[in-house]
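> Chains as they are written, first to last, in my numbering: chain V, 16 to 459; chain Z, 16 to 459; chain X, 16 to 459; chain E, 16 to 459. Below is the structure I would like to discuss, written out as structure tokens.
There are 4 protein chains.
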Amino acid sequence: MDYAHQQLKREKVFRDPVHNYVYVKYQVILDLINTSEFQRLRRVHQLGTTSLIFHGAEHSRFSHSVGVYEIARRIIESFQKNFMSKEPGDGLWDDSEKLVTLCAALLHDVGHGAYSHTFEHIFGTNHEQITQAIITSPTTEINQVLRRVSPDFPEKVASVINKTYPNKQVVEMISSQLDADRMDYLLRDAYNTGVKYGTFDLSRILEVMRPYKDGICFEMSGMHAVEDYIVSRFQMYQQVYFHPVSRSMEVVLNRLLQRAKVIFSSEVNHDPQTPYLLLPFFKGDFNLDDYLQLDDGVLNTYFIHWKRYPDDILSNLASRFIDRKPLKSVKFDKSTSNLLPRLRQIIEQSGFNPDYYTATDNSFDLPYDAYQADKKQIHLMQDDGTLVSLSSVSPLVRAISDRQTGDNRFFFPREILKPDENVDLFQPEYDEFNRHIRNDQLIQ
Amino acid sequence: MDYAHQQLKREKVFRDPVHNYVYVKYQVILDLINTSEFQRLRRVHQLGTTSLIFHGAEHSRFSHSVGVYEIARRIIESFQKNFMSKEPGDGLWDDSEKLVTLCAALLHDVGHGAYSHTFEHIFGTNHEQITQAIITSPTTEINQVLRRVSPDFPEKVASVINKTYPNKQVVEMISSQLDADRMDYLLRDAYNTGVKYGTFDLSRILEVMRPYKDGICFEMSGMHAVEDYIVSRFQMYQQVYFHPVSRSMEVVLNRLLQRAKVIFSSEVNHDPQTPYLLLPFFKGDFNLDDYLQLDDGVLNTYFIHWKRYPDDILSNLASRFIDRKPLKSVKFDKSTSNLLPRLRQIIEQSGFNPDYYTATDNSFDLPYDAYQADKKQIHLMQDDGTLVSLSSVSPLVRAISDRQTGDNRFFFPREILKPDENVDLFQPEYDEFNRHIRNDQLIQ
Amino acid sequence: MDYAHQQLKREKVFRDPVHNYVYVKYQVILDLINTSEFQRLRRVHQLGTTSLIFHGAEHSRFSHSVGVYEIARRIIESFQKNFMSKEPGDGLWDDSEKLVTLCAALLHDVGHGAYSHTFEHIFGTNHEQITQAIITSPTTEINQVLRRVSPDFPEKVASVINKTYPNKQVVEMISSQLDADRMDYLLRDAYNTGVKYGTFDLSRILEVMRPYKDGICFEMSGMHAVEDYIVSRFQMYQQVYFHPVSRSMEVVLNRLLQRAKVIFSSEVNHDPQTPYLLLPFFKGDFNLDDYLQLDDGVLNTYFIHWKRYPDDILSNLASRFIDRKPLKSVKFDKSTSNLLPRLRQIIEQSGFNPDYYTATDNSFDLPYDAYQADKKQIHLMQDDGTLVSLSSVSPLVRAISDRQTGDNRFFFPREILKPDENVDLFQPEYDEFNRHIRNDQLIQ
Amino acid sequence: MDYAHQQLKREKVFRDPVHNYVYVKYQVILDLINTSEFQRLRRVHQLGTTSLIFHGAEHSRFSHSVGVYEIARRIIESFQKNFMSKEPGDGLWDDSEKLVTLCAALLHDVGHGAYSHTFEHIFGTNHEQITQAIITSPTTEINQVLRRVSPDFPEKVASVINKTYPNKQVVEMISSQLDADRMDYLLRDAYNTGVKYGTFDLSRILEVMRPYKDGICFEMSGMHAVEDYIVSRFQMYQQVYFHPVSRSMEVVLNRLLQRAKVIFSSEVNHDPQTPYLLLPFFKGDFNLDDYLQLDDGVLNTYFIHWKRYPDDILSNLASRFIDRKPLKSVKFDKSTSNLLPRLRQIIEQSGFNPDYYTATDNSFDLPYDAYQADKKQIHLMQDDGTLVSLSSVSPLVRAISDRQTGDNRFFFPREILKPDENVDLFQPEYDEFNRHIRNDQLIQ
């Protein structure tokens, strides 16, 4: 039998805490999982610094990726049962799309690296481009597996992920406002953090999800299940993804890598503290193979070394990150942003370089999205086959989509609030700083 | 107020997926959690290589340690409600033991390092001794926190963990056949692997647990809950802890570190692949501070480097470990162990050095224990105050305690079963090897 | 010891699927549970006709009542730990209110009867008045237990339930927008129906709930948990409580009792089909004791008898109810209500008496309430002690509170849509009827 | 399309708390569910008096029956995917058996009545025979539905249930040591009581279950899942089904019906307290239609009436049952059974008729079975296709199967332990009685 259709003699099952089991029947899928590029995902946390706040959130991109694969598999299983295409153009499910969909689901995040958000910001990498490269570069094991299916198969899988694939059903199963990716990460992040808000009724959603000619929609009878998913997503952002302490640790990481870049772009000391695997990035001259050497553990190993590096800012920031000493933060808005220069001045007076020890951050800059008005809406199909948009029938969803403003925060060293022998600050300045903070907000 | 009794203004809660919340009220506990030695536990997986088989099992020693603390806290809360001592010697709970118990619960595993079982085997370290050292050495942050309580407090905490503390109730809460440690790891490992077997009724056990003059026992009415805990523990060993593929990955790790020791004990090349932080261990001359630099990520970082090291065995074993290529294994027993020399010979003929590519292993050598007859039994208290042992009233528990034999396995390269161009083996030897394997066992 | 403070030697625990255990320590509480009036609640379903749609929802008022008691107990336990009053008027928890609170929580629904909503509508009873009567009438066992505490204790308990008790903390714990009653029924109804929407984070809410001088509020840090509770409540109404088929079965029950009232108010045949225990209600002359004889099983027993009663409408409606044959329904609104007279006419032509076989119903007439603007709002306490209302900080809650309109439905016999030999209707009328129904709505 | 293959246009789903959803695709199945005989199961509790101890256990035979159907449906779905027969006699799944299997699964308990165990004991009915009668009698709605499939279809369905159907795979799916029936009731009873012991890994068991030529077996890799099911079953018997207070309430019910039989076999007063629907049973002359009028509510309605019946024993026992006043019990064995006559004598002296107020009972007489050595064993299939019995590879299962003795209890009025004004007993007799009871056992 040709490789594309080659099935395992006995279906392989992976125990999964969220989906109970992940079922693998295709040899191609098993071979992809066994590549070194995919195994690397075991060494990259799904939620980066969030596990420093929700200690249970220690799961990896690997777990999430097989979870997305499994949800896609179940969607297709449901489509096969209820919505198989009988003739081209009838808007139903064409089962010859199965393998490309499963591969894209499995591989959609394979380009993610250590602490992606901050890393990309500092080094100008882009995990989506790298995902494309891993799939299409002839040097990778993943590409070699995919090419065994057919020479153009890597490109097809890559095009599903970058949304240029012609079959919109396949694309929307992986990337849309309600897709396998989002469903898995919400459930998995909720499971591992232990918050209750992220759970929704996956099996009901699978039951009411259906193909139609322009993509994927949901039967009207499933409106409440879909609504509940949107609400859960909103709550996860508010509670977990936008958590101020997690953002604070991202700020520390950002400043730490910024400082390291200053130092290691020039110096090349061959001592134990040199971050060999990061040098290509500091120098701005890296290739795919360099990228694939990196993971959370590699970065942390350098940070551990840097705790003893003879640069005060680098070593201090490395300690703050590795030993989890977040900056403190408060909310501010237009009416109080005028205070920030003075607060930075006080911080500088107390001995902290404000370039490295302060920051502002808006939760809307984070790589998570609420249900957005400017994207393709979720649609519901009525009994007579006509479509209505979710927000037109759900006041809850309308309330969420309309939320426009983010949460602005100003970050600064915790020491400034409680000066001790280490902080060199006069009482009047200390009092001034404290006077502007009340109920977690800046006030005049 | 003195430091020992200093309480946080507002109880601090940590979201925990297993216990829902972990509650911290003592400043001492919060300060201990914030030490660098304790934060290091975030970077050490609780289950080592097991996450390579149960992909959800990516939780850390940190999560487990706060979980043990939380269970101990709940036990004490229950004792306070129902079993407070009224006079010395009445065999009830003396609440002045609370803080030492909580500290010991939190810190009982603080000496664990990366891949402890194998690491200790290769380098002769011992995580229990290191736990004692971390608590009692004046150089650690943990010792400094504990000393603020009182000068002899570190020693007291350490003595609870090494079971020499005079109050047996305190000791058995942390270390006995049914203690806070085991209860947390069973629940947490079950939660994260996703297997159903490890769950038992924690709240019922807390309800029926009680102090008595010689330690801790359980009310007769809770017999079934305790029995269920023992059965769950048994099932977790069978299903998770003794999993043959997990043991196979331990074998690979063992061989990898063994090879690295041969290489790096002598050479000191100052190149990127030198494992600086491991050198003290290869040289057999390390101190506590050296140990505290290590974690899973540090070891993995070296393994990633070694994939390109110019020693075939080292680089091949590093790839097998990092890219998850387990050895294959089969069960054997006394009647078939005579076959092993010949099988090793065939493996050698096929080009694998049997010192590095074969192994035998008995599950009973693993650092997990079934309910054992030679340890202090679990006791149940009847209505009239008399005690009976659990195994005298539960045939299930008796069945488990009596199981004496382990599961012997022989490990070898998977390639030997399906020779391809990479394996240099004649067909007759290949056939001979395969003939001896049936239903996962060696046969004559 | 006096009866009010008499504690059981060993705390009694009841296994509860929602709260795991219900803990009883007071003799008074155990004695109340053991009264015949309270045991009667075992024979009254919590959700009436809803179990005909969600078959798992077979739980009783008994289970709910002990659940409300348990939540109240846990709230008080939390108040005792964190918010004990030190001096009168400090707005904190006065623990001498404990017993009256627990009794009120346990007994708040003791006046509920079989199929309360419809029963009250037909017979003019009122379960809230009956609850008061059961507690305060010297003839009941419950009154006798309460009087042993003190002569005015029954009146105190009753006044908590009817909200005239002076301590607003006690009143709001039992009856407010976020009280022990609502929290238990949402969790329990969700658990038993199996829908996922009703779950929220009870332990978090208990953690952030606190007394203040005018009642009960929540700490700001718990905003999301409270918001999630409101959303869950909204979703339960939409999905479960307002389910159209459940309302349809209520319509059938209503018509059935209406017909029975016509028949049995006059006739008194002493035959097996006479509803002896209902006669006082048909005659409008009943006492508390008559009421306490009734339960779901008694009513159903009469319905079973009536399936053979020689009145076509009574026997047909009894069969429809007992054998679960709901009416069909469609939504209508102001723009389509003009069609109803003609539809009723067609139904009459087809042989159904429209007084008994049609109905209109608005979900807002049901005895459930969304989060309402005209009631005392839920308040959140900020760090500095000031209060803000929940809807001022949560757009989700605002979206829910603003929903003003209900869901109007017109009910009619299912046979009218698919005429068969039993329905005597000409094709043009049948076509006309069907033409007005599309996507579950009336259309012109 | 013929009725046997007629599918619903849109699959119908029932929300189920245990299986999440129950899926119905065949018109036949929906029609069966809508019969009056099947709807009657909503009014019969699954666990009878057990809900008086575990208050959550209020679920009905209806819920259980659709649950068994759903598990059978999932087993077949798995068989269709992996084990479809290719030629007669290959020992794999013959899909033409699907409908008969689903119908048998749905209907296997349709003959159960109110408080079956005790009812059958008193009136000589047999729910298994009645199940057969309901299916095969031309008068029932169920028979009419089944006959539409084919004239011999009712007999085929009935023969599956009474185990004479030739295809053993079909029979064992419904009735064997590990069948759809047992799996549903364990999970459902555990869910509703709230005990943790009854849960096992259903999806894993479905995964490893397979047909073979002599019935159904399990793949070796599922050994632990099957073992866990057996252990869970054992624990549910010990904890729930054999609960002494539940058995005590069965004793009260037994004595109550016994007394009623004495009274109503002769008298025929046409007053409100006459149990019209039970008269055919008291007279020993009933037909299927009489039986189908009965349910829990009907019996309870009579008991409520009887609380006021002018026979002291009948009214007292009715009150004890309706108001939940269990008898007390103690364990005894061969060495103490000689005490029973004297204890009965003391009870008689205190004014209780020992025929109605005492009883002995052995848990092994209850209609539940542990894993039994004399039934067809559970078999596991090894890699090479050979079978081994479960107990040969699992010491846990061996331990359970070997347990031979039951738990003997002696039941007596609680008043005898704490004589008050209502009990006419001299102190020496009272002391004598109490002296024989210790740690829940009779002693000499």
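Glycine included, each C-beta is placed from N, C-alpha and C at the ideal position.
(1) Figure out for me which residue from E:Leu-47, E:Asp-229, E:Glu-73 has the closest Cα to the Cα of Gln-159 (chain E).
(2) How big is the Cα-Cα spacing for His-60 (chain X) and Phe-336 (chain E)?
(3) Gly-82 (chain E) and Asp-199 (chain E): beta carbons closer than 8 Å?
(4) Counting C-beta neighbours from all protein chains within 10 Å, is the total for His-20 (chain V) 16 or more, i.e. buried, or is it exposed?
(5) Given this structure, state the Cα-to-Cα distance separating Phe-347 (chain Z) from Asp-422 (chain Z), to the nearest angstrom.
(6) Helix, strand or coil: how does DSSP classify Val-185 (chain Z) here?
(7) Which residues of chain V have a Cβ atom closer than 9 Å to the Cβ of His-258 (chain Z), listed in chain order?
(8) To which residues of the same chain is Ser-190 (chain X) closer than 7 Å at the C-beta, ignoring the five residues directly before and after it?
(9) Report the residues of the stretch 345-358 of chain X with a CB closer than 9 Å to any CB of chain V, ordered along the chain.
(10) Under a CB-based cut-off of 8 Å, is Leu-411 (chain V) close to chain X?
(11) Taking 8 Å as the threshold (beta carbon to beta carbon), is Tyr-212 (chain Z) in contact with chain E?
(12) Pop quiz: Ala-87 (chain Z) and Ala-120 (chain Z) are said to be a contact at Cβ under 8 Å. What is the actual Cβ separation, rounded to whole angstroms?
(13) CB Ala-414 (chain Z) to CB Asp-204 (chain Z), shorter than 8 Å?
(14) Where does Phe-296 (chain X) fall in DSSP's three states?
(15) Looking at C-alpha atoms only, which residue of E:Asn-97, E:Phe-94, E:Met-264 is the closest neighbour of Phe-425 (chain E)?
(16) For the beta strand (DSSP E) containing Ala-374 (chain Z), name the first residue and the last one.
(17) How should Glu-242 (chain V) be labelled, buried or exposed, when 16 other C-beta atoms within 10 angstroms of its C-beta is the threshold for buried?
(18) On a CA-only basis, which of Z:Asn-302, Z:Lys-298, Z:Phe-138 is nearest Phe-279 (chain Z)? Give me that one, please.
(19) Taking 8 Å as the cut-off, does the stretch 241-259 of chain V touch the stretch 208-218 of chain V (at least 3 CB pairs, one atom from each stretch)?
(20) Following the continuous alpha helix (DSSP H) through Phe-318 (chain E), name the residue where it begins and the one where it ends.
(21) What residues in the stretch 71-91 of chain Z have a beta carbon less than 7 Å from any beta carbon of chain E?
(22) Interface residues of chain Z around Gly-209 (chain V) at Cβ under 8 Å?
(23) In chain order, what residues of the same chain lie with their CB nearer than 7 Å to the CB of Tyr-206 (chain Z), ignoring the 5 residues before and after it?
(24) Between the Cα of Ser-75 (chain X) and the Cα atoms of X:Ile-90, X:Ser-165, X:Arg-58, X:Leu-67, which residue gives the shortest distance?
(25) Kindly give me the distance between the Cβ atoms of Ile-145 (chain Z) and Asn-269 (chain Z), rounded to whole angstroms, as I take these residues to be in contact under 8 Å.
(26) Identify each residue in the stretch 211-231 of chain Z for which the Cβ-Cβ distance to at least one residue of chain X is less than 9 Å, and report them in chain order.
(27) Would you say Ser-51 (chain Z) lies against chain V (beta-carbon separation less than 8 Å)?
(28) Taking 8 Å as the CB-CB cut-off, is Tyr-38 (chain X) touching chain E?
(29) Between the stretch 219-234 of chain V and the stretch 395-407 of chain V, can you find at least three pairs of beta-carbon atoms closer than 8 Å?
(30) Over the uninterrupted alpha helix (DSSP H) stretch that includes Tyr-100 (chain E), give me the two end residues.
(31) Tell me which residues share the same chain as His-123 (chain E) and place their Cβ nearer than 8 Å to its Cβ, disregarding the 5 neighbours each side in the sequence.
(32) Please state whether the Cβ-Cβ distance between Pro-325 (chain V) and Tyr-372 (chain V) is less than 8 Å.
(33) For Lys-391 (chain V), which of helix, strand or coil comes out of DSSP?
(34) In angstroms with no decimal places, state the Cα-to-Cα distance between Glu-222 (chain V) and Glu-170 (chain V).
(35) With DSSP as the reference, label Ile-415 (chain E) as helix, strand or coil.
(36) Between the beta-carbon of Tyr-36 (chain X) and the beta-carbon of Ser-218 (chain Z), is there less than 8 Å?
Quick answer:
(1) Residue numbering aside, residue 159 (chain E) sits at position 144 when the fourth sequence is read from its first letter. E:Leu-47 is the residue among E:Leu-47, E:Asp-229, E:Glu-73 whose C-alpha sits nearest the C-alpha of Gln-159 (chain E).
(2) Looking up residue 60 (chain X) in the third sequence gives position 45. Looking up residue 336 (chain E) in the fourth sequence gives position 321. Between His-60 (chain X) and Phe-336 (chain E), the C-alpha separation is close to 19 Å.
(3) Translated into the one-based positions of the fourth sequence, residue 82 (chain E) becomes position 67. Translated into the one-based positions of the fourth sequence, residue 199 (chain E) becomes position 184. Yes; because the gap between Cβ atoms is below 8 Å, this pair is in contact.
(4) On the first sequence, residue 20 (chain V) is found 5 positions in, with the first residue counted as 1. Classification for His-20 (chain V): exposed.
(5) Position 332 of the second sequence, counted from the first residue, corresponds to residue 347 (chain Z). Position 407 of the second sequence, counted from the first residue, corresponds to residue 422 (chain Z). Cα to Cα, Phe-347 (chain Z) sits roughly 8 Å from Asp-422 (chain Z).
(6) As a working mapping, residue 185 (chain Z) is identified with position 170 in the second sequence. Residue state, collapsed to three classes: helix.
(7) Along the second sequence, read from residue 1 onward, the residue named residue 258 (chain Z) stands at position 243. Ordered by position in chain V, no residue passes the 9 Å Cβ test against His-258 (chain Z), which lies about 10 Å from the chain.
(8) Working through the third sequence from its first residue, we reach residue 190 (chain X) at position 175. Result list for Ser-190 (chain X): Lys-178, Asp-196, in chain order.
(9) Hits within the stretch: zero.
(10) Within the first sequence, numbered from 1, the residue matching residue 411 (chain V) stands at position 396. Interface residue, yes.
(11) Taking the second sequence and counting its residues from 1, one reaches residue 212 (chain Z) at position 197. Answer yes: the Cβ-Cβ gap between Tyr-212 (chain Z) and chain E drops below 8 Å somewhere.
(12) The residue labelled residue 87 (chain Z) in the question sits at position 72 within the second sequence. The residue labelled residue 120 (chain Z) in the question sits at position 105 within the second sequence. Their Cβ separation, rounded to whole angstroms, is 4 Å, which keeps Ala-87 (chain Z) and Ala-120 (chain Z) in contact under 8 Å.
(13) To locate residue 414 (chain Z), count along the second sequence from 1; it is residue 399. To locate residue 204 (chain Z), count along the second sequence from 1; it is residue 189. No, Cβ-Cβ distance for Ala-414 (chain Z) and Asp-204 (chain Z) is not below 8 Å.
(14) Numbered from 1 along the third sequence, position 281 holds the residue referred to as residue 296 (chain X). Helix, per DSSP.
(15) Position 410 of the fourth sequence, counted from the first residue, corresponds to residue 425 (chain E). Minimum Cα distance to Phe-425 (chain E) is reached at E:Met-264.
(16) Along the second sequence, one-based indexing puts residue 374 (chain Z) at 359. That run of the beta strand (DSSP E) goes 374-377.
(17) Residue mapping note: residue 242 (chain V) aligns to position 227 of the first sequence, counting from 1. With 16 or more other Cβ atoms within 10 Å, it is buried.
(18) Your numbering for residue 279 (chain Z) matches position 264 in the second sequence. Ranking the options by Cα distance to Phe-279 (chain Z), first place goes to Z:Lys-298.
(19) yes
(20) Residue numbering aside, residue 318 (chain E) sits at position 303 when the fourth sequence is read from its first letter. Taken as a continuous stretch (DSSP letters only), the alpha helix (DSSP H) holding Phe-318 (chain E) covers 311-321.
(21) none
(22) The residue you call residue 209 (chain V) lines up with position 194 of the first sequence. Result: Arg-30, Asp-31, Pro-32, Val-33, Asn-35.
(23) Looking up residue 206 (chain Z) in the second sequence gives position 191. Contacts found: Pro-32, Val-33.
(24) For the purposes of this step, residue 75 (chain X) is taken as the residue at position 60 of the third sequence. Answer by Cα proximity: X:Arg-58.
(25) Residue numbering aside, residue 145 (chain Z) sits at position 130 when the second sequence is read from its first letter. Residue numbering aside, residue 269 (chain Z) sits at position 254 when the second sequence is read from its first letter. The Cβ separation is near 20 Å, so there is no contact.
(26) Asp-216, Ser-218, Arg-219, Glu-222
(27) Taking the first residue of the second sequence as 1, we reach residue 51 (chain Z) at position 36. Taking Cβ atoms only, chain V reaches closer than 8 Å to Ser-51 (chain Z), which makes this a yes.
(28) One-based indexing of the third sequence puts residue 38 (chain X) at position 23. Taking a beta-carbon distance threshold of 8 Å, Tyr-38 (chain X) does not count as an interface residue toward chain E.
(29) yes
(30) For the purposes of this step, residue 100 (chain E) is taken as residue 85 along the fourth sequence, with counting starting at 1. The sequence given here has Ser at residue 100 (chain E), not Tyr. Careful: Ser-100 (chain E) lies outside any alpha helix (DSSP H) and carries neither H nor E.
(31) Indexing the fourth sequence from 1 puts residue 123 (chain E) at position 108. Hits under 8 Å: Ser-80, Val-83, Thr-146, Ile-176, Ile-189, Ser-190, Asp-196.
(32) Reading the first sequence from its first residue, position 310 is the one you call residue 325 (chain V). Reading the first sequence from its first residue, position 357 is the one you call residue 372 (chain V). It is not a contact, given that the beta carbons lie outside the stated cut-off.
(33) The count along the first sequence starts at 1 and reaches residue 391 (chain V) at position 376. Note: Lys-391 (chain V) maps to coil in three-state DSSP.
(34) Sequence index remark: in the first sequence, residue 222 (chain V) carries index 207 (1-based). Sequence index remark: in the first sequence, residue 170 (chain V) carries index 155 (1-based). Cα-Cα distance, rounded: 31 Å.
(35) Counted from its first residue, the fourth sequence places residue 415 (chain E) at position 400. If DSSP states are grouped into helix, strand and coil, Ile-415 (chain E) belongs with the helices.
(36) Here residue 36 (chain X) corresponds to residue number 21 of the third sequence, with the count starting at 1. Here residue 218 (chain Z) corresponds to residue number 203 of the second sequence, with the count starting at 1. Taking 8 Å as the cut-off, the beta carbon of Tyr-36 (chain X) is found closer than this to the beta carbon of Ser-218 (chain Z).
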